[in-house]
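Residue numbers (my numbering): 11 to 483.
The beta-carbon is built from N, C-alpha and C at its ideal position, and this holds for glycine as well.
This structure is a prediction, so every number in the text was calculated from the model and none was measured.
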């Protein structure tokens with residue numbers, strides 16, 4: 011009960027660290043309006059940045075977020091966690107529980123406690139819906155403008171230019187002045203709640219402190235060099251003092267956290283998505299200091315594969331497997347590199363072995379299907395790709411290769427069906443309509459037939475205005 015009263019006080023007294031301040035007397039927005047604003051914000055983020063859609067990294071980061079959310083009071087919306095491919099040190103949260111971390115910030119981390127610290131802090135900002143408390147229910151400012159305004163602040167130098175341009179135009183059209191402000195009190199309270207969440211989830215609060223020190227050490231002279239995180243999360247010196255005191259006066263977690271999951275995701279992030287030359291030098295240095303480091307061999311292999319040196323990459327991954335002989339994730343990457351190197355029998359053997367060790371992995375199963383196709387086993391490939399679709403894989407290429415596999419089997423109506431979906435999802439409506447009409451003429455499955463008609467009608471609705479505008483011009 012005491013905790014609930016404290017949390018209620020927090021919600022009433024503090025605002026989100028990167029808030030939109032509108033004229034005095036502003037009212038909070040509804041849950042639906044907050045979700046709508048978040049949806050608009052996501053459009054800006056997806057337009058300006060590349061999200062890392064790596065199944066292993068996504069699964070790991072979301073697992074940390076969910077572990078913390080499990081100790082947070084019931085929330086009115088679901089939380090989602092993303093990694094943006096950017097070297098900038100930054101992390102931020104949108105309304106309605108979308109948490110973003112830049113890959114550069116994660117690369118600077120050394121353990122799971124540090125990652126949990128940043129995530130818990132951002133969750134704490136969202137818990138009381140602080141943004142909604144400061145957004146005026148004004149019909150004059152569109153949600154898209156508000157979202158772009160926030161994005162111009164959150165995203166930093168790499169994403170602010172386009173967003174700021176959108177904001178300026180929208181705000182002027184609305185006849186409104188919008189001011190952004192940040193509060194040290196907001197940060198202190200988010201730290202306080204975040205540390206409580208960390209402790210309840212079994213993490214050591216020292217992780218948040220060490221990350222703040224790392225971010226602070228990156229602040230150079232000149233405003234353009236200040237990490238975006240420090241611009242949107244002010245008062246770093248004061249925060250470090252407060253957090254240090256909290257850590258000293260609170261018992262550290264007694265729960266032991268397995269570091270392997272962090273090491274795997276961290277190594278994968280640097281090896282596959284970090285700057286190539288920097289990644290190579292990073293893992294070369296690790297191997298010089300510790301030649302038996304299996305994770306360093308793994309990361310070095312991933313980095314070498316990106317440069318086209320697949321033979322050397324395979325050697326490094328085999329070296330990693332000497333100490334982790336049945337590691338399914340390393341096996342998956344070894345199989346993927348075998349495939350890319352045209353060594354299909356070896357790829358098949360390794361990928362089938364990895365699949366047997368994992369409950370589910372979309373990346374490995376996808377390359378298994380492609381390997382089966384290359385080896386002239388389209389029936390097996392169809393089964394593999396359909397398994398991916400049953401698991402709700404978001405890899406759109408699955409539709410393309412499933413269509414190709416059916417084509418190899420001579421089942422052309424199925425081939426056209428899946429190719430139609432593939433081109434529809436890519437936005438190539440002309441190609442999509444061609445394949446879907448071909449499928450509709452011969453396919454017997456009633457569910458697929460209904461789906462075809464639905465997709466064709468959607469395409470017709472899009473094409474009608476285009477044809478009308480073309481005629482007018």
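Beta bridge counterpart(s) of residue i as assigned by DSSP
i, result
"residue 101", "111"
"residue 90", "108"
Coarse secondary structure for residue i, derived from DSSP in three states
i, result
"residue 297", "helix"
"residue 327", "helix"
"residue 385", "coil"
"residue 290", "helix"
"residue 398", "helix"
"residue 205", "helix"
"residue 56", "helix"
"residue 61", "strand"
"residue 82", "coil"
"residue 125", "helix"
"residue 319", "coil"
"residue 267", "coil"
"residue 51", "helix"
"residue 336", "coil"
"residue 216", "helix"
"residue 119", "coil"
"residue 510", "Because the chain here runs from 11 to 483, residue 510 falls outside it and cannot be looked at."
"residue 171", "Confidence is the limiting factor: at residue 171 the pLDDT is only 42, short of 50, which leaves the residue's position unreliable, though a coordinate-based value still follows. Reduced to three states, the DSSP call for residue 171 is helix."
"residue 228", "coil"
"residue 390", "helix"
"residue 309", "helix"
"residue 132", "helix"
"residue 72", "helix"
"residue 194", "helix"
"residue 284", "coil"
"residue 186", "Note that residue 186 scores a pLDDT of 40, beneath 50, so its modelled location is shaky and nothing firm can be said."
"residue 379", "helix"
"residue 179", "Only weak support is given to the placement of residue 179: the predicted model assigns it a pLDDT of 40, under 50, and the value that follows is read from those uncertain coordinates. DSSP places residue 179 in helix when its eight states are reduced to three."
"residue 254", "helix"
"residue 96", "coil"
"residue 302", "coil"
Cβ-Cβ distance between residue i and residue j below 9 angstroms
i, j, result
"residue 354", "residue 394", "no"
"residue 340", "residue 324", "no"
"residue 373", "residue 60", "no"
"residue 344", "residue 375", "no"
"residue 115", "residue 280", "no"
"residue 391", "residue 379", "yes"
"residue 82", "residue 133", "yes"
"residue 113", "residue 94", "yes"
"residue 260", "residue 209", "yes"
"residue 80", "residue 131", "no"
"residue 267", "residue 212", "yes"
"residue 466", "residue 447", "yes"
"residue 129", "residue 78", "yes"
"residue 439", "residue 469", "yes"
"residue 312", "residue 282", "yes"
"residue 456", "residue 418", "no"
"residue 292", "residue 119", "no"
"residue 383", "residue 414", "yes"
"residue 377", "residue 367", "no"
"residue 314", "residue 297", "no"
"residue 39", "residue 86", "no"
"residue 427", "residue 449", "yes"
"residue 350", "residue 320", "yes"
"residue 46", "residue 135", "no"
"residue 198", "residue 117", "no"
"residue 406", "residue 452", "no"
**Q.** contact_flag[the stretch 215-223, the stretch 110-130] where n(CB pairs < 8 angstroms) is 3 or more
**A.** yes
Q) Could you give the uninterrupted runs of the alpha helix (DSSP H) lying entirely in the stretch 404-478, keeping only those of 4 residues or more? A) 407-418, 422-436, 439-452
**Q.** the stretch 289-307 touching the stretch 321-337, judged by at least three CB pairs closer than 8 angstroms
**A.** yes
(Q) Which runs of the alpha helix (DSSP H) at least 4 residues long sit entirely within the stretch 339-370? Give them in chain order. (A) 354-367
Q. Does the stretch 251-258 come close enough to the stretch 92-111 that 3 or more CB-CB pairs lie under 8 angstroms?
A. no
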